[in-house]
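In terms of the numbering used here, the sequence shown opens at residue 3 and continues consecutively. The beta-carbon is built from N, C-alpha and C at its ideal position, and this holds for glycine as well. All values derive from a computational prediction rather than experimental measurement.
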Amino acid sequence: TDIKTTPVRLHVTQLALFAYGIFDGATVRLEVSPDDYDPHMEGFDPDTQMEWFDHPDGTYTDATTDEKHFWNNAALGTFWIRAVLVNASANTRVSFKTTARLAMEQ
Numbered sequence: 003t004d005i006k007t008t009p010v011r012l013h014v015t016q017l018a019l020f021a022y023g024i025f026d027g028a029t030v031r032l033e034v035s036p037d038d039y040d041p042h043m044e045g046f047d048p049d050t051q052m053e054w055f056d057h058p059d060g061t062y063t064d065a066t067t068d069e070k071h072f073w074n075n076a077a078l079g080t081f082w083i084r085a086v087l088v089n090a091s092a093n094t095r096v097s098f099k100t101t102a103r104l105a106m107e108q
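Below, the structure written as structure tokens:
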């Protein structure tokens, strides 16, 4: 089914984005919001009380029922993020993960 994950606040500047599985026409996208959000505030609805923007490096889709793997980097600031899955079918089995990219000196 189509879903939106609970917003998560990040304080990193770059993420590695991974989307994989059987899309079968579904689309997974990373959304970002600069708005304030208190996840403990009763009655707060992030869908209607926050402005969400699609991240240009965070949209993945495939029309086939073949297993697909996508990877990309996204530059961010301090934002709320969430993953959104749309156009899911009974065959859709997709995972979406993010990891912070850290620079290490040698």
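Counted within 10 angstroms of its Cβ, other Cβ atoms place residue i as buried (16 or more) or exposed
| i | result |
| --- | --- |
| residue 94 | buried |
| residue 92 | exposed |
Anticipated Cβ contact below 8 Å, residue i with residue j, distance rounded
| i | j | result |
| --- | --- | --- |
| residue 54 | residue 10 | With 8 Å as the limit, residue 54 and residue 10 do not qualify as a contact, their Cβ atoms being about 13 Å apart. |
| residue 34 | residue 98 | No, residue 34 and residue 98 are not in contact; Cβ-Cβ is about 14 Å, not under 8 Å. |
| residue 19 | residue 49 | Their Cβ separation, rounded to whole angstroms, is 22 Å, which puts residue 19 and residue 49 out of contact at 8 Å. |
| residue 80 | residue 12 | 7 Å |
| residue 28 | residue 88 | 7 Å |
| residue 84 | residue 8 | 7 Å |
Proximity winner among the options, relative to residue i (alpha-carbon distances)
| i | options | result |
| --- | --- | --- |
| residue 64 | 47, 23, 76, 58 | 23 |
| residue 61 | 46, 49, 8, 100 | 100 |
| residue 57 | 25, 8, 78 | 78 |
Three-state secondary structure (DSSP) of residue i
| i | result |
| --- | --- |
| residue 49 | helix |
| residue 62 | strand |
| residue 57 | strand |
| residue 25 | coil |
| residue 94 | coil |
| residue 75 | strand |
| residue 164 | For the chain, the structure presents residues 3 to 108; residue 164 sits outside this window and is missing. |
| residue 101 | strand |
8 Å Cβ cutoff met for residue i and residue j
| i | j | result |
| --- | --- | --- |
| residue 17 | residue 102 | yes |
| residue 52 | residue 40 | no |
| residue 46 | residue 96 | no |
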